[in-house]
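Asks: Okay, here's the structure, questions in a sec.
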Amino acid sequence: MSTVKPKNEAFRAVIERGFATANFVMDVGIVLKGCGPGWCETTLALQPRHLQQDAVVHAGVLGTMADHTAGGAGMTLMGAQEYVLTVEYKINLLRPATGSALFCRAEVLKPGSAVTVCESMVYAGSDAGGKLVAKATVTLAVMKKTG
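Sequential numbering of the sequence shown, starting at 21, is according to my numbering.
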């Protein structure tokens, strides 16, 4: 996506604000690591509260991370009067997620004026060098701000 130009040059501030004001995402502990036109990266320091009964990361944590990171990637390409809302996502849980951290990278596969499609990859570890534990395809509706 490196050839894609953002519509809003202040996209980084928009993404930072989107993470700083998403109460559930903050409660989970997902942190913005970086973003650029068409991509977004996040991290999560794993705590016991993120695990399910068998001591692996709960699927809801993986889904939330994949979804919100994809939303961040999509938002990097939105105009100042636009935002995105997830309309659908499909996630493949590839292997149990364990360890001390998760890393997620999402990229826009197909930007659009009504719908944008992204892909998120979640790794057990602090970067993409970890084990791929989940992969999601996220469809985002492009919404217009009113008022």
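Backbone N, C-alpha and C fix where the C-beta goes; we use that ideal spot for every residue, glycine too.
Under DSSP, the beta strand (DSSP E) around residue 96 begins and ends at which residues?
Replies: Neither: residue 96 is in no beta strand (DSSP E) and is coded neither H nor E.
Asks: Candidates 76, 134, 136, 23: which alpha carbon is nearest residue 122's?
Replies: The candidate whose alpha carbon is nearest that of residue 122 is 76.
Asks: Assuming residue 89 and residue 65 are in contact, meaning their beta carbons sit under 8 angstroms apart, how far apart are those beta carbons, in whole angstroms?
Replies: Incorrect: roughly 15 angstroms between the Cβ atoms, too far for contact.
Asks: Grab me the residues of residue 138's own chain with a C-beta within less than 7 angstroms of its C-beta, minus the 5 sequence neighbours each way, in chain order.
Replies: Counting only Cβ-Cβ distances below 7 angstroms, and skipping sequence neighbours, we find 90, 93, 94, 126, 127, 128, 129, 158, 160.
Asks: To the nearest angstrom, report how far apart residue 62 and residue 71 are at their CA atoms.
Replies: C-alpha separation (whole angstroms): 18 angstroms.
Asks: From residue 150 to residue 117, what distance separates their C-alpha atoms?
Replies: Near 10 angstroms, if we compare the C-alpha coordinates of residue 117 and residue 150.
Asks: With respect to the beta strand (DSSP E) encompassing residue 56, which residues constitute its N-terminal and C-terminal limits?
Replies: It spans 51-56 - the beta strand (DSSP E) in which residue 56 sits, taken as one unbroken run.
Asks: Considering only their Cβ atoms, is the gap separating residue 43 from residue 98 smaller than 8 angstroms?
Replies: Not a contact, by the Cβ cut-off of 8 angstroms.
Asks: Note down the Cα distance separating residue 152 from residue 55, rounded to an integer number of angstroms.
Replies: Approximately 20 angstroms between the Cα atoms of the pair.
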